[in-house]
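Undergrad: Quick one: the structure is below, and I'll ask about it shortly.
There are 2 protein chains.
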Amino acid sequence: MSGAVTVGERWVALCGGVGGAKLALGLSRVLPADRLTIVVNTGDDFRHLGLHVSPDIDTVLYTLSGLSNTELGWGLAGETWQFMEAMERLGGPTWFRLGDRDLATHATRTTMLAEGRSLSEVTAYLAGRLGVGPAVVPMSDETVATQIDTDEGTLAFQTYFVGRRAQPVVKAIRFVGAAEAKPAQAAVEALVGDDLAGIIVCPSNPWLSIDPLLAIPGWRELLAARRAPCIAVTPLVGGQAVKGPTAKIMGELGLPLDVAAIVDHYTGLIDGFVLDAIDKDCASALKLPTLVTNTMMRTLEDRTALAEACLGFGRRLRARGPEAA
Amino acid sequence: MSGAVTVGERWVALCGGVGGAKLALGLSRVLPADRLTIVVNTGDDFRHLGLHVSPDIDTVLYTLSGLSNTELGWGLAGETWQFMEAMERLGGPTWFRLGDRDLATHATRTTMLAEGRSLSEVTAYLAGRLGVGPAVVPMSDETVATQIDTDEGTLAFQTYFVGRRAQPVVKAIRFVGAAEAKPAQAAVEALVGDDLAGIIVCPSNPWLSIDPLLAIPGWRELLAARRAPCIAVTPLVGGQAVKGPTAKIMGELGLPLDVAAIVDHYTGLIDGFVLDAIDKDCASALKLPTLVTNTMMRTLEDRTALAEACLGFGRRLRARGPEAA
């Protein structure tokens, strides 16, 4: 491997669901487990059928453990749906699909939270049981609930995203509870210290998956005080979202569908930007260091290659010193 | 059929789990749905993994809907165990087996209770969805928790019964909350009125399945004021329990293993007793009207036959008037 790990360097990745988890998986393959902390969006969390569901955390855990369902693109491999069929017979809500195996994760989380454990503790426990090496940390142990103001009124995130399949027109996005929330302690500890080599914002939806974290005042402060470079990987390739409604939402928010809009959104937070080879002509117009590479992660090799490229880019930025930021 | 239903007559059955549900099924086959109310023990109810589980109610619902697992003797037919396997991987509690389909019942109940519906309402809703005709009513909408004082200390009912497989020696049985609980309103309504033809205590464990109900002061009063005969079907056949730890518990409580001890236990509450043909020699020593018949319910025909016999016995007692009681 070209990007051999510098002794002692630690990395932090900020991550949402499926798209971001692909890069998190790549990073987990090229970094020693104790050198990577993955901080995950919890704005999508909700209670459903009495269970605490953390969709992005579960996606990261399932992806990194090798248990994810690559056919469906979400959930667990070999999943079965007896519970959902029985719910249908009972006339219960079936719009949010809970697999029989997946239910065990939610039941365990719900029980442990009810016993007074924090979401960080529960997540670390689940990661350990599933054999996930890197630290997986929720952005906060407090509740931050993403709500979407749409042309159909204000919708809870999962109602908008799953229940209504992201069809309503987005007018504004709010993060209820963010002002009162704090970054999870394990995330704070990962963000400080001279051995932090860099922060990588995964190719997740900036508005839905990264903004919930940035809406927490403590997170803004932590990132503003960073002494290691922060780089973001584009969620847009050729003006289209690789996955999910990023492009649709940008249009609805009146933003141009290009990487410059993503960079603008992250102004002050990132020191470098990774864009896809297909968008290489856009690089010169961006007023920060860029890396042009293949960002489409179709295979595991793509994921590790992009991870290596991000680490190399981050190291070069760091070597150039703070003035590069 | 010999036991044609008298116009307008209504019956109430008091019932625990598997054993009692067999007779309840028989009754449901020989009585019109609107002429039968089945009142079910809820002393076994407990919260597990954040879910409200009502084992006896579910056994009655599954048995009467034809969905019960006749191989296992409990739960749903065609049940799968993906959830339990996943729980095991996560290191969660696996001593109480929750099937993937069964989970939908608990999730629905838990959600509806959290929304402020009563256990009676939830049970009626589930019965309707599962196509159960007769009214199925919890003994109370309030919490009554059976606890067992044993040689290993005081155990919650399911810990004793399922977790420890009824192995600890029983010293006493308590029904926490019973003194403050009231009979469910639908049960009260079923117990009053001139059209009540009789009350049938199913062959459930008197100490574990019927006593929780009798521990509720309002139930004692309702039954003491009865104007229709109450008959009990023996849970003991030839000095042995047909199912479960009845005989073991009687021994531990210092009681003789015979039907006279069952009749003694129900003194003042029953006006007639149904005992098995194998115990016919015991009948003459019992100081109340008896019916000797086959009480072993191996087939559906056994169940309907016993149900018919109980109805006929009840009608004869009623025709004899109150002095027979």
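As you go down the protein sequences, you meet chains A and B in turn.
Numbered per my numbering, the first sequence spans residues -6 to 318.
Numbered per my numbering, the second sequence spans residues -6 to 318.
Note that CB positions come from ideal geometry on N, CA and C, so glycine has one too.
#1: Starting from the N-terminal side, write out each stretch of the beta strand (DSSP E) that is 3 residues or longer and does not extend beyond the region 118 to 185 of chain A.
#2: Counting only C-beta atoms, is Ala317 of chain B closer than 8 Å to chain A at any point?
#3: At 8 Å on the CB atoms, spell out the chain B contacts of Gly43 of chain A, in chain order.
#4: In angstroms, rounded to a whole number, what distance separates the CA positions of Ile263 of chain A and Cys303 of chain A?
#5: Hey, out of B:Asp27, B:Val32, B:Arg110, whose CA is closest to Leu16 of chain B's CA?
#6: From the DSSP secondary-structure annotation, give me the bridge partner or partners of Phe39 of chain A.
#7: By the DSSP assignment, the alpha helix (DSSP H) with Gly232 of chain B in it spans what residues?
#8: With DSSP as the reference, identify every bridge partner of Ile209 of chain B, one or two as the case may be.
#9: With a 10 Å radius around its C-beta and 16 neighbouring C-beta atoms as the bar for buried, classify Met(-6) of chain B as buried or exposed.
#10: Terminal residues of the continuous beta strand (DSSP E) containing Ala6 of chain B?
#11: Would DSSP call Asp269 of chain A helix, strand or coil?
#12: Take Ala278 of chain B and list the residues in its own chain whose beta-carbon comes closer than 7 Å to its own, dropping the five residues that flank it on each side.
#13: Taking only three categories from DSSP, how would you classify Leu83 of chain B?
#14: Would you mind telling me which residues of chain A sit closer than 8 Å to Gly85 of chain B, beta carbon to beta carbon, in chain order?
#15: Please compile the residues from chain A whose C-beta is within a distance smaller than 8 Å of the C-beta of Arg94 of chain B.
#16: Residues of chain B with CB under 8 Å from Leu119 of chain A, in chain order?
#17: Are the beta-carbon atoms of Val5 of chain A and Thr35 of chain A separated by less than 8 Å?
#18: Any beta carbon from chain A within less than 8 Å of Arg110 of chain B's own beta carbon?
#19: Within 10 Å of its beta-carbon, does Arg220 of chain A have 16 or more other beta-carbons around it, so buried, or fewer, so exposed?
#20: Where DSSP assigns a beta bridge to Thr283 of chain B, which residues make up the other side?
#21: If you follow the beta strand (DSSP E) that Ala26 of chain B is in, where does it begin and where does it stop?
#22: Report yes if the C-beta distance between Gly9 of chain A and Ser197 of chain A is below 8 Å; otherwise report no.
#23: In terms of residues, what are the limits of the beta strand (DSSP E) holding Ile192 of chain B?
#24: Closer than 8 Å, CB to CB, is Arg122 of chain B near chain A or not?
#25: Under 8 Å: do the region 186 to 195 of chain A and the region 243 to 258 of chain A share three or more Cβ pairs, one atom per stretch?
#26: Straight-line CA distance for Thr147 of chain B to Thr288 of chain B?
#27: Could you spell out the range, first to last residue, of the alpha helix (DSSP H) harbouring Glu64 of chain B?
#28: Give me, in chain order, the residues of the same chain whose beta-carbon lies closer than 8 Å to that of Leu250 of chain B; leave out the 5 immediate sequence neighbours on both sides.
#29: CA-CA distance, Thr73 of chain A and Lys164 of chain B?
TA: Here's the rundown:
#1: 128 to 131, 138 to 143, 146 to 149, 163 to 169
#2: One-based indexing of the second sequence puts residue 317 of chain B at position 324. Only weak support exists for where Ala317 of chain B lies, its pLDDT of 44 falling under 50; the value from the coordinates is given anyway. False, the Cβ-Cβ gap to chain A never drops below 8 Å.
#3: Your numbering for residue 43 of chain A matches position 50 in the first sequence. Correct list: Gly43, Leu44, Ala100, Thr103, Thr104, Ala107.
#4: Locating residue 263 of chain A in the first sequence gives position 270, where the first residue counts as 1. Locating residue 303 of chain A in the first sequence gives position 310, where the first residue counts as 1. One C-alpha to the other measures close to 13 Å.
#5: Counting from one through the second sequence, the residue named residue 16 of chain B turns up at place 23. Of the candidates B:Asp27, B:Val32, B:Arg110, the one whose C-alpha sits nearest the C-alpha of Leu16 of chain B is B:Val32.
#6: The residue given as residue 39 of chain A occupies position 46 in the first sequence. The partner list for Phe39 of chain A (beta bridge, DSSP) reads A:Val46.
#7: The residue given as residue 232 of chain B occupies position 239 in the second sequence. Taken as a continuous stretch (DSSP letters only), Gly232 of chain B belongs to no alpha helix (DSSP H), as it is neither H nor E.
#8: The residue given as residue 209 of chain B occupies position 216 in the second sequence. Answer is none; Ile209 of chain B lacks a bridge partner.
#9: The sequence position of residue -6 of chain B within the second sequence is 1, counting from 1. Legend: pLDDT at Met(-6) of chain B = 43, less than 50; position of this residue unreliable, value from coordinates given subsequently. So Met(-6) of chain B ends up on the exposed side.
#10: Numbered from 1 along the second sequence, position 13 holds the residue referred to as residue 6 of chain B. Residues 3 to 8.
#11: Walking along the first sequence from the start, residue 269 of chain A turns up at place 276. Three-state result, Asp269 of chain A: strand.
#12: Residue mapping note: residue 278 of chain B aligns to position 285 of the second sequence, counting from 1. Excluding residues within five positions, the ones whose Cβ falls inside 7 Å are Ala253.
#13: On the second sequence, residue 83 of chain B is found 90 positions in, with the first residue counted as 1. Residue state, collapsed to three classes: coil.
#14: Locating residue 85 of chain B in the second sequence gives position 92, where the first residue counts as 1. Within 8 Å Cβ-Cβ: Ala97, Ala100, Thr101, Thr104.
#15: The residue labelled residue 94 of chain B in the question sits at position 101 within the second sequence. Chain A residues near Arg94 of chain B: Gln75, Phe76, Glu78, Ala79.
#16: Position 126 of the first sequence, counted from the first residue, corresponds to residue 119 of chain A. Under the 8 Å cutoff, chain B gives Leu83.
#17: Counted from its first residue, the first sequence places residue 5 of chain A at position 12. Counted from its first residue, the first sequence places residue 35 of chain A at position 42. No; because the gap between Cβ atoms is not below 8 Å, this pair is not in contact.
#18: As a first step, residue 110 of chain B must be located in the second sequence, where it is residue number 117. Not one chain A Cβ lies under 8 Å of Arg110 of chain B.
#19: As a working note, residue 220 of chain A is residue 227 in the first sequence. Answer is exposed; the Cβ neighbour count stays below 16.
#20: For the purposes of this step, residue 283 of chain B is taken as residue 290 along the second sequence, with counting starting at 1. Bridge partners of Thr283 of chain B: B:Phe266.
#21: Within the second sequence, residue 26 of chain B is the residue found at index 33, counting from 1. Careful: Ala26 of chain B lies outside any beta strand (DSSP E) and carries neither H nor E.
#22: Counting from one through the first sequence, the residue named residue 9 of chain A turns up at place 16. Counting from one through the first sequence, the residue named residue 197 of chain A turns up at place 204. Closer than 8 Å, so yes.
#23: Along the second sequence, read from residue 1 onward, the residue named residue 192 of chain B stands at position 199. Taken as a continuous stretch (DSSP letters only), the beta strand (DSSP E) holding Ile192 of chain B covers 189 to 194.
#24: Your numbering for residue 122 of chain B matches position 129 in the second sequence. So yes, Arg122 of chain B belongs to the interface.
#25: no
#26: Working through the second sequence from its first residue, we reach residue 147 of chain B at position 154. Working through the second sequence from its first residue, we reach residue 288 of chain B at position 295. Between Thr147 of chain B and Thr288 of chain B, the C-alpha separation is close to 34 Å.
#27: Here residue 64 of chain B corresponds to residue number 71 of the second sequence, with the count starting at 1. Unbroken run through Glu64 of chain B: none, as it is neither H nor E.
#28: To locate residue 250 of chain B, count along the second sequence from 1; it is residue 257. Correct list, in chain order: Leu229, Gly232, Gln233, Ala240, Met243, Gly244.
#29: Position 80 of the first sequence holds residue 73 of chain A. Position 171 of the second sequence holds residue 164 of chain B. Cα to Cα, Thr73 of chain A sits roughly 44 Å from Lys164 of chain B.
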